[in-house]
Every structure is written in C-alpha cells, then in structure tokens.
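Residue numbers (this note's numbering), protein chains in the order written: chain U, 1 to 329; chain F, 330 to 752. From the three backbone atoms N, C-alpha and C, an ideal C-beta is built for every residue, glycine too.
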Amino acid sequence: MTTASDTTARAARAGSPAAVPRGPAPARKRRTDRRAWGAFLLLTAPVLIGLGVFKYVAIGWSLLLSFSEAEGTIALGDWVGLDNYRRLFADPAFGGSLVQILLFTLAVVPVTFASSLGLALLVHRVRRGRAVVRTAFLIPTAVSYVVASLLWKMSLFNGLPAGIANTVGGWFGMEAVPWLQTTEPPLFWIALITLRLWLQVGFYMVLFLAGLQAVPKELYEAAALDGATGWRLLRRITLPMLRNTSVAVLMLQFIAAFQAFDEFYNLFYGGISGTSSAPVQTPLLHLYNTAMGAQNYGLGSAGAFVLTALIVLVTLAQGRITGFGRGEE
Amino acid sequence: MSARRTELSRRGFLAGSLLFVAGAATACISDPIGGGAKGAGTTLNVWYHAYGEAGTQQAVVRYAESFTKAHPDIAVKVTWVPGDYAGKLNASLLTDGAPDVFEVGDFSEGLARRGQIAPLDDVYGPAKASFNKTALGYVTVDGKPYGVKMIDDVIMLHYRKSVLDKAGIAPPADFAALRAAAKALTTKKAKGLFVSNDGVGEAAPAMVLSHGGELVSGGEVGYGSPKAVEAITALKGLHDDRSLLLGFTTDWWDPSAFAQGVVPMQWCGLWAMPAIKTALGDDFGVLPWPASAAGGTPYVRVGGWVSCVNAKGRKVEAAKSFVRWLWVEQTDLQKDFASAYGLHVPPRTDVAAATGKLAEGTAKEAVALAARYGRSNPSTWDASVSGPLVTAAAKAVRGQGDPARLLADAARQAQTAVDEQLS
C-alpha cells in the first residue's frame with residue numbers, strides 16, 4: 001500500500017516536474033514555465049534550425065528567384081515580376097508535361113489503389129505464413145527508383161529479342177519491339193506503370209492491412225448472424241470501415257504521382273542529349289532540364305511553385321470530396 | 330530511487346545533447362579535408378567526369394600527385410563524378426564548393442561570357458602553335474582561348490567487314506546506301522544499325538550536318554532550314570524501316586552492341602577502338618556518317634573534353650599553373666592519357682604525331698577521317714540549344730507532327746537560348 005502510493009507520487013513528480021503547483025505561487029510558476037520553455041527550445045532547436053535553414057530558407061529563396069531573372073546564378077536582384085510565370089504558361093512543353101502527368105496519375109493511381117487493396121484483402125485472409133507473404137510484397141518498397149529503373153530498362157524492357165518482355169511476348173507470337181521507344185501503340189507506358197506499381201504496391205498494401213486489422217470482429221459476427229456473406233460483407237462492412245485509410249492512401253498516391261521524376265529520368269536518360277528525346281516529360285523533368293540543364297533557375301523556380309500549387313489544389317479538392325480529416329460519423 | 334534516476338537521465342540527456350551539438354559544431358567548423366595536407370599552401374579541387382575506360386581514374390590521380398611533386402605548395406584533390414556530370418557541375422559552380430579546375434564535354438561560350446571561366450591566353454605560351462586549329466578554335470571566344478582541349482574524340486561509323494562482305498554490301502558511300510545497307514542487314518533476330526538508344530540523340534545533328542545544313546553558325550540556329558527538314562525526314566525513313574537497334578542495354582558510346590555482334594554497324598567513338606580490337610581483331614572498318622546524295626558532305630564528329638579554370642574561384646593562379654603544367658607542358662602525360670586507356674587524339678599535333686597507336690591501321694584511318702571531315706559541335710551547343718532539336722526530331726521520326734513545323738518551332742526556341750548566351 002505505502003509502496004504503491006509512494007511510487008505513484010514519485011512517478012507524478014518524475015513525469016511532470018513543472019506541474020503540481022502548491023497553493024498560489026505565480027512567481028515560481030513563471031520560473032518553471034520559463035524552464036519548460038527553455039527545455040522545449042533546446043530540444044526542438046536542432047530540428048527547427050535544420051528545417052528552417054534547409055527547407056524554409058531554401059523555399060523562400062526559391063520563391064524570390066521565381067520573380068527574378070536568374071540565369072547561371074542563384075543571386076537575387078534582377079527582378080522581373082511575373083515574367084517567369086508568363087513565359088512558363090506560354091511554353092507548350094510545360095503545358096504538355098502537365099497534361100502528361102495528369103494522364104499518368106489517372107492511370108497509375110487507380111491501378112495501384114485497386115492492386116494494393118486487393119492484395120491486402122487476400123493477404124488478410126491468409127492463415128498461415130502471413131508474415132512471409134506480407135514481407136514478399138513489401139520488399140520492393142525498399143528498392144530505389146533508380147535501381148528499379150535500370151532493371152526495367154536493361155533487362156525487362158530492353159529492345160533486344162532476348163529481353164525478358166520480348167521473350168515473353170515471343171511465346172505469344174509477338175515481334176520483338178523496343179518497349180521504351182515504341183510510341184504507337186505507346187508501349188513505354190507499360191514499363192512506366194508496372195515499375196511504379198511494383199515499387200509501391202507493397203507499401204500501400206501494408207497500410208490497408210493495418211486498416212483491416214483495426215476493423216472490429218464483432219461487426220462481421222453480427223453481420224454473419226444476419227446472414228450476410230462474401231461480397232456483401234466486403235461492400236457493407238470492410239470498405240466503409242477502410243474509408244479513412246483509403247482516403248489517406250489516395251492522397252499519398254496523388255502527391256507521389258504528381259512528383260514523378262526518378263523513373264522517367266532514368267528510363268529515358270540518353271547521355272549528352274539528356275532526356276530530350278523521351279516520349280513523355282513530367283513537369284519535374286521539364287523543370288530539372290530548365291534549371292539544371294539550361295541553368296535558368298528563375299524559370300525553374302517559378303515552375304516548382306506552379307507545380308506545388310497544383311498539388312495543394314488537388315489535395316484540397318480531394319479532401320473536400322472524400323471528407324478527409326472529418327471524424328467518423 | 331527510480332525517480333532520481335529518471336530526473337538524472339533527463340538532465341543527462343540535456344547535457345548529452347549539448348555536448349553533441351557542441352561537438353558537431355566544432356566538427357563542422359574544422360575542415361575535414363585538412364586544408365591541403367603536408368605543408369601545401371593551396372588545395373586545388375579538380376573535377377573529371379567518370380571516364381569509362383579502366384585505369385583512367387588512377388591515371389589522373391597519378392598526374393595530380395606528380396604535379397604536387399613539382400609544385401610542393403599546391404596540393405590537388407581529384408573528384409571523379411559519375412552520372413549526370415553537366416548537371417552536377419552546373420549546380421556546384423553556383424556554390425563555394427565549386428571546383429577550381431574542371432573539364433567540360435560541350436564547351437559553351439556562355440560560360441566565358443558570364444565570367445564563369447577564366448581566359449587562358451597566358452597558359453598556352455609558345456606551345457599555342459602546336460595545338461590543332463579545330464581544338465583552339467573550339468575554345469576561343471572573342472579572340473581569347475577559355476580552355477585547353479585535353480583530348481580530341483573522333484566519333485564515326487563502325488562496320489563489320491565480314492558481315493557486309495557476306496551480304497555483298499559495300500561500305501555505304503551516301504545516305505541512301507546506308508539506309509539500304511541497314512535494311513538489308515536487319516533480320517528477325519537482329520537490327521542493322523545502332524546510332525543511340527533513342528535513335529535520335531546522336532543521329533539528328535549528324536543528319537543535319539551531312540545533308541549540308543547547319544546547327545548554329547554565326548549566332549543563328551540553322552536547324553529550321555529546308556535542308557535540315559529534309560535531313561530529319563530522311564532519318565524518319567531509317568526509323569520507318571525498323572532497321573535501327575533501339576533500347577540496347579548500354580548506349581552508343583559503349584562498343585558492346587558492335588563488339589558482341591549484336592549489330593553490324595554502330596556510331597561510336599575512337600575511345601572504344603581498343604575494346605573493339607580485342608573483341609573483333611581486324612574485322613571492322615570506320616566510315617564517316619555518309620552525305621546525302623544531293624549536296625551534303627560526309628560528317629565525323631570531333632568531340633572531346635576541355636579543361637577550364639573557374640574564374641570565380643579563389644585559386645585562379647594555382648589553377649592556371651595546374652592546367653598549364655598538365656595539358657600544355659607535360660607531353661608525355663598527354664600521350665599517356667590519350668592512348669594508354671581508351672584511344673583519343675591529343676590536341677597537340679606534335680604529341681599526336683608521336684602517339685604510336687594512332688599511326689597504324691584503323692586508328693590511322695580514323696585520324697585521317699577527322700582531319701578531312703571532322704567538325705566540332707558549335708560552342709553554343711548546350712542543353713537548351715541541342716535539346717529542342719532532339720525533341721523535335723524524336724517527335725518527327727515517331728510521326729507526331731510535321732517535321733518542318735516541329736523544327737521551325739524548335740529553332741525559334743533554341744534561338745532565344747543562343748541569344749541569351751551571346752548577350
């Protein structure tokens with residue numbers, strides 16, 4: 001008894017040294033407040049300073065750059081107002097890249113969403129060896145886009161008759177084709193979509209699995225007593241209970257798709273001419289070439305802000321439509 | 330007891346964090362490179378792109394060490410940059426960590442006009458007369474040289490003698506013959522010609538020049554001209570025939586496709602000749618990119634790398650002395666660099682003449698081709714000028730639009746970039 005209360009008291013003291021005011025003692029309270037603030041600042045300062053210097057200062061600088069003529073330099077001073085933005089919107093290549101990234105998003109997001117949800121439902125039903133199956137699908141998430149792109153470019157989808165995709169195609173009487181260079185029909189999309197699918201599906205599957213495991217068993221039992229089975233269980237219980245997870249997954253996928261760069265760059269990089277012969281340019285690729293290739297940092301920064309605005313807009317719209325962040329009814 | 334421990338550990342954590350921050354700060358302030366080891370007053374940072382031939386990296390480190398032996402007060406730190414060299418270099422040049430000496434593959438006048446690279450007229454000295462004219466002209470802006478050419482690369486068409494003989498095909502003398510040969514050599518299992526993985530990047534400029542067009546001349550972008558349109562339309566013919574190898578595992582600068590017998594004809598550089606010789610013996614020949622039948626000239630690209638001094642760096646004089654010592658004075662090292670790893674042509678004519686490997690067989694033919702047909706890219710040929718041509722040509726060969734309009738738009742876009750460079 002004594003030991004217990006003793007421990008509690010100690011624990012309380014240890015847990016919150018600044019709290020437990022004994023009677024009115026404002027001066028002391030202020031001092032402890034200051035101490036708490038000091039500790040707070042000391043502990044968060046490294047992260048805040050790091051974020052500030054490497055993120056917010058850089059972002060702010062970039063915003064200022066987007067209003068200046070900055071070629072071959074990142075010095076500010078040569079203000080041109082909205083010229084960079086005007087030039088960007090007049091550039092059909094940038095407009096085209098926005099259209100292409102929209103198409104890519106509309107293709108890759110539903111495919112990844114459906115595959116990861118389907119996989120999660122299947123893996124959730126596996127009784128034995130679930131961890132093994134889950135790990136097998138999760139492992140590609142650990143592979144970098146660059147490595148996967150090289151794998152796709154050099155061994156799966158190369159243009160040689162001995163390439164894996166061409167060999168498989170050959171079994172069905174298909175002629176060997178250069179997958180990444182064929183635009184009619186646009187076979188390069190197959191390489192792009194399968195690559196992102198392979199890399200991402202495991203990660204989103206795990207998110208869905210977590211959601212599935214949080215669904216109370218009683219719901220299924222009650223529904224089973226009422227005679228609901230299979231498809232109805234899925235439609236009436238599982239999917240509604242996964243709503244929050246689904247919305248989060250969708251949002252993450254949208255943002256990731258809009259930021260696509262790595263696989264486009266690595267699959268179509270052609271040395272000295274860069275990626276200029278690529279059949280498809282994403283906005284980030286276009287901006288990379290503008291800033292890093294042509295060294296027009298003002299124009300590149302302007303594009304980065306346009307793209308950010310677009311991502312924010314899409315995310316907000318999506319949140320509005322799907323009701324992300326609203327509590328459960 | 331437990332409470333005291335908790336309190337202690339919290340305080341201990343704070344103290345620990347403080348110590349860590351202090352330690353990290355000290356570590357950041359002190360220079361990890363050591364500011365030029367062993368009494369050297371200056372450390373030069375020298376950048377190279379990652380050459381593909383084995384031994385090159387060790388060689389440039391060895392040169393740097395010999396330089397320090399000759400100039401004990403200047404240490405040299407060699408940075409070997411794999412991947413997107415131009416992108417990394419451009420980004421680095423904006424910072425304090427910029428290299429003092431760096432090489433560039435596509436020399437751009439813009440670098441000189443922006444004051445990024447230093448004029449090197451005092452670096453050449455009396456040896457200037459022994460550099461070949463193309464190499465000097467390439468780096469000269471407003472009468473002053475802004476770089477020293479380290480190597481000339483001869484880029485041309487390679488063909489398998491035995492394969493062409495067997496098919497009864499003569500080495501193609503004009504573009505129509507090349508197209509016919511590529512088509513004839515294409516089978517169900519193999520393609521006839523490899524120009525690059527996209528079939529455009531290298532071929533588009535080659536086609537424009539060999540059809541009598543211009544890329545950029547006198548500050549005017551020339552690839553919107555009718556001749557250029559004709560050239561790109563002809564290139565579309567090659568694509569329509571499906572006789573080009575596309576999407577190989579390595580790109581055109583690597584001789585694997587040719588050396589492994591995957592294609593009988595490939596656009597590649599002299600640097601690959603040792604590897605090709607090892608694989609094929611004498612069973613190959615070299616050709617210029619053939620001219621169009623009507624009024625064009627055969628084309629051989631003379632590329633290579635140029636050593637430049639960062640004018641915005643703090644060690645311009647030391648950097649100049651390094652460039653002078655290595656790329657002007659040390660003829661033995663120049664010969665070693667040009668011929669001991671890959672094969673290149675030293676830009677100093679006297680050194681080139683003394684390089685035995687260039688004086689015999691196919692290499693000799695290549696040097697002769699370069700002397701006769703060799704052209705360097707214009708000195709305004711950076712990504713913002715070459716990119717539009719490649720993009721337009723890629724669309725044209727895929728049939729995504731009218732070549733004349735695509736090229737006219739591209740030329741207009743590139744003209745803006747050229748004007749910006751020259752202003």
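So is Gln-181 (chain U) buried or exposed if we call it buried at 16+ other beta carbons inside 10 Å? Taking the first residue of the first sequence as 1, we reach residue 181 (chain U) at position 181. Around the beta carbon of Gln-181 (chain U), 16 or more other beta carbons sit within 10 angstroms, so the residue counts as buried.
Over what stretch of residues does the beta strand (DSSP E) that includes Ser-636 (chain F) continue unbroken? Sequence index remark: in the second sequence, residue 636 (chain F) carries index 307 (1-based). Its beta strand (DSSP E) spans residues 629 to 638.
Any beta-carbon of chain U closer than 7 Å to the one on Gly-416 (chain F)? Residue mapping note: residue 416 (chain F) aligns to position 87 of the second sequence, counting from 1. Chain U contact via Cβ: present.
Using 7 Å as the threshold, is the C-beta distance between Gly-72 (chain U) and Gln-213 (chain U) below it? As a working note, residue 72 (chain U) is residue 72 in the first sequence. As a working note, residue 213 (chain U) is residue 213 in the first sequence. The answer is no: Cβ separation not under 7 Å.
For the alpha helix (DSSP H) that contains Thr-371 (chain F), what are its first and last residues? As a first step, residue 371 (chain F) must be located in the second sequence, where it is residue number 42. Taken as a continuous stretch (DSSP letters only), Thr-371 (chain F) belongs to no alpha helix (DSSP H), being part of the beta strand (DSSP E) at 371 to 378.
Relative to the alpha-carbon of Leu-310 (chain U), which residue among U:Pro-283, U:Met-292 and U:Phe-203 has its alpha-carbon at the smallest distance? Along the first sequence, read from residue 1 onward, the residue named residue 310 (chain U) stands at position 310. Selection U:Pro-283, U:Met-292 and U:Phe-203 evaluated against Leu-310 (chain U) yields U:Pro-283 as nearest (Cα-Cα).
What does Ala-712 (chain F) reach in chain U if we use C-beta pairs closer than 7 Å? Looking up residue 712 (chain F) in the second sequence gives position 383. Ordered by position in chain U, the residues that pass the 7 Å Cβ test against Ala-712 (chain F) are Gly-274, Asn-289, Gly-293 and Ala-294.
So, helix, strand or coil for Asp-580 (chain F), using DSSP? Start at 1 with the first residue of the second sequence, and residue 580 (chain F) comes out as number 251. Coil, per DSSP.
Indicate the three-state DSSP secondary structure (helix, strand or coil) for Leu-616 (chain F) in the structure shown. Your numbering for residue 616 (chain F) matches position 287 in the second sequence. Strand, per DSSP.
Tell me whether Phe-651 (chain F) sits in a helix, a strand or coil according to DSSP, three-state version. By 1-based counting over the second sequence, the position of residue 651 (chain F) is 322. Three-state DSSP puts Phe-651 (chain F) in a helix.
Measuring CB to CB, does Phe-587 (chain F) end up less than 7 Å from His-673 (chain F)? Here residue 587 (chain F) corresponds to residue number 258 of the second sequence, with the count starting at 1. Here residue 673 (chain F) corresponds to residue number 344 of the second sequence, with the count starting at 1. No, these two residues do not count as a Cβ contact at 7 Å.
Which of helix, strand or coil DSSP assigns to Trp-656 (chain F): Taking the first residue of the second sequence as 1, we reach residue 656 (chain F) at position 327. If DSSP states are grouped into helix, strand and coil, Trp-656 (chain F) belongs with the helices.
Same chain only: Cβ atoms within 7 Å of Gly-530 (chain F), ignoring 5 sequence neighbours per side: Position 201 of the second sequence, counting from 1, holds the residue named residue 530 (chain F). Same-chain partners within the cutoff: Val-719.
Met-174 (chain U): buried (16+ other C-beta within 10 angstroms of its C-beta) or exposed? Along the first sequence, one-based indexing puts residue 174 (chain U) at 174. Under this definition Met-174 (chain U) is an exposed residue.
If you draw a straight line from the C-alpha of Val-433 (chain F) to the C-alpha of Trp-634 (chain F), how long is it? What you label residue 433 (chain F) is simply residue 104 of the second sequence in a count that begins at 1. What you label residue 634 (chain F) is simply residue 305 of the second sequence in a count that begins at 1. Approximately 6 Å, taken between the alpha carbons.
What residue does the alpha helix (DSSP H) around Tyr-414 (chain F) start on, and which one ends it? Reading the second sequence from its first residue, position 85 is the one you call residue 414 (chain F). Its alpha helix (DSSP H) spans residues 414 to 421.
Reference Val-407 (chain F); option with closest CA among F:Val-524, F:Val-390 and F:Ser-752: The residue you call residue 407 (chain F) lines up with position 78 of the second sequence. Of the candidates F:Val-524, F:Val-390 and F:Ser-752, the one whose C-alpha sits nearest the C-alpha of Val-407 (chain F) is F:Val-390.
Cβ contact check for the stretch 688 to 695 of chain F and the stretch 239 to 252 of chain U: 3 or more pairs under 8 Å: no
Buried or exposed for Tyr-204 (chain U), going by 16 or more other Cβ atoms inside 10 Å? In the first sequence, residue 204 (chain U) corresponds to position 204, counting from 1. It counts as buried.
Taking only the alpha-carbon atoms, compute the straight-line gap between Ala-399 (chain F) and Leu-662 (chain F) and give it to the nearest angstrom. For this step, residue 399 (chain F) is matched to residue 70 along the second sequence. For this step, residue 662 (chain F) is matched to residue 333 along the second sequence. Using only the alpha carbons, I get a separation of about 14 Å.
DSSP state of Glu-432 (chain F), grouped into three classes? Translated into the one-based positions of the second sequence, residue 432 (chain F) becomes position 103. In the structure shown, Glu-432 (chain F) sits in a strand (DSSP, three-state: E or B).
Could you tell me which of F:Lys-518, F:Trp-409, F:Asp-451 and F:Pro-401 sits nearest to Glu-646 (chain F), measuring between CA atoms? Looking up residue 646 (chain F) in the second sequence gives position 317. If we check each option's Cα against that of Glu-646 (chain F), F:Asp-451 comes out closest.
Separation of Val-657 (chain F) from Ala-681 (chain F), as counted between CA atoms: In the second sequence, the residue the question calls residue 681 (chain F) occupies position 352. In the second sequence, the residue the question calls residue 657 (chain F) occupies position 328. A direct Cα-to-Cα measurement between Ala-681 (chain F) and Val-657 (chain F) gives close to 13 Å.
Asn-158 (chain U) at chain F interface by Cβ criterion, 7 Å: Taking the first sequence and counting its residues from 1, one reaches residue 158 (chain U) at position 158. Yes, Asn-158 (chain U) lies at the interface with chain F (some Cβ there is under 7 Å from its Cβ).
Using three-state DSSP, classify Lys-473 (chain F) as helix, strand or coil. Position 144 of the second sequence, counting from 1, holds the residue named residue 473 (chain F). Of the three classes helix, strand and coil, the one that applies to Lys-473 (chain F) here is strand, per DSSP.
Just verifying my parser: in three-state terms, what is the DSSP assignment at Gly-159 (chain U)? Locating residue 159 (chain U) in the first sequence gives position 159, counting from the first residue. Three-state DSSP puts Gly-159 (chain U) in coil, outside helix and strand.
Kindly indicate which residue of F:Gly-466, F:Pro-501, F:Glu-543 and F:Val-375 has the alpha-carbon position closest to the one of Gly-614 (chain F). In the second sequence, the residue the question calls residue 614 (chain F) occupies position 285. Among F:Gly-466, F:Pro-501, F:Glu-543 and F:Val-375, the Cα nearest to that of Gly-614 (chain F) is on F:Pro-501.
Helix, strand or coil at Gln-253 (chain U) according to DSSP, with G and I counted as helix: Position 253 of the first sequence, counted from the first residue, corresponds to residue 253 (chain U). In the structure shown, Gln-253 (chain U) sits in a helix (DSSP, three-state: H, G or I).
What is the C-beta distance between Thr-463 (chain F) and Ser-636 (chain F), in whole angstroms, given that I count them as a contact (C-beta under 8 Å)? Taking the first residue of the second sequence as 1, we reach residue 463 (chain F) at position 134. Taking the first residue of the second sequence as 1, we reach residue 636 (chain F) at position 307. At roughly 16 Å, the Cβ-Cβ gap does not stay under 8 Å, so Thr-463 (chain F) and Ser-636 (chain F) are not in contact.
Can you list, in chain order, the residues of its chain with a C-beta nearer than 7 Å to that of Leu-316 (chain U)? Leave out the 5 residues immediately preceding and following it. Working through the first sequence from its first residue, we reach residue 316 (chain U) at position 316. There are no such residues.
Examine chain F for any beta-carbon lying closer than 7 Å to the beta-carbon of Gln-181 (chain U), and answer yes or no. Numbered from 1 along the first sequence, position 181 holds the residue referred to as residue 181 (chain U). At least one chain F Cβ lies under 7 Å of Gln-181 (chain U).
Among residues of its own chain, excluding the 5 on either side of Ala-535 (chain F), which ones have a beta-carbon nearer than 6 Å to its beta-carbon? For the purposes of this step, residue 535 (chain F) is taken as residue 206 along the second sequence, with counting starting at 1. The answer, listed in chain order, is Trp-618 and Tyr-628.
If we define contact as Cβ-Cβ less than 7 Å, is Pro-178 (chain U) a contact residue for chain F? The residue labelled residue 178 (chain U) in the question sits at position 178 within the first sequence. For Pro-178 (chain U), the answer is yes, since a Cβ of chain F falls inside 7 Å of its Cβ.
Would you kindly work out how many angstroms separate the C-alpha atoms of Asp-360 (chain F) and Ala-648 (chain F), rounded to a whole number? In the second sequence, counting from the first residue as 1, residue 360 (chain F) sits at position 31. In the second sequence, counting from the first residue as 1, residue 648 (chain F) sits at position 319. Because Asp-360 (chain F) sits at a pLDDT of 47, beneath the cut-off of 50, its placement in the model cannot be relied upon, and the following sentence gives the value as read from the coordinates. Spanning the two alpha carbons is a distance of roughly 21 Å.
C-alpha distance - Ser-525 (chain F) paired with Trp-61 (chain U), whole-angstrom precision: As a first step, residue 525 (chain F) is located in the second sequence; it is residue number 196 there, counting from the start. As a first step, residue 61 (chain U) is located in the first sequence; it is residue number 61 there, counting from the start. Rounded to the nearest angstrom, the two C-alpha atoms are 39 Å apart.
Let me know if Gly-632 (chain F) comes out buried or exposed under the rule of 16 or more other beta-carbons within 10 Å of its beta-carbon. On the second sequence, residue 632 (chain F) is found 303 positions in, with the first residue counted as 1. Buried, by the Cβ-count rule.
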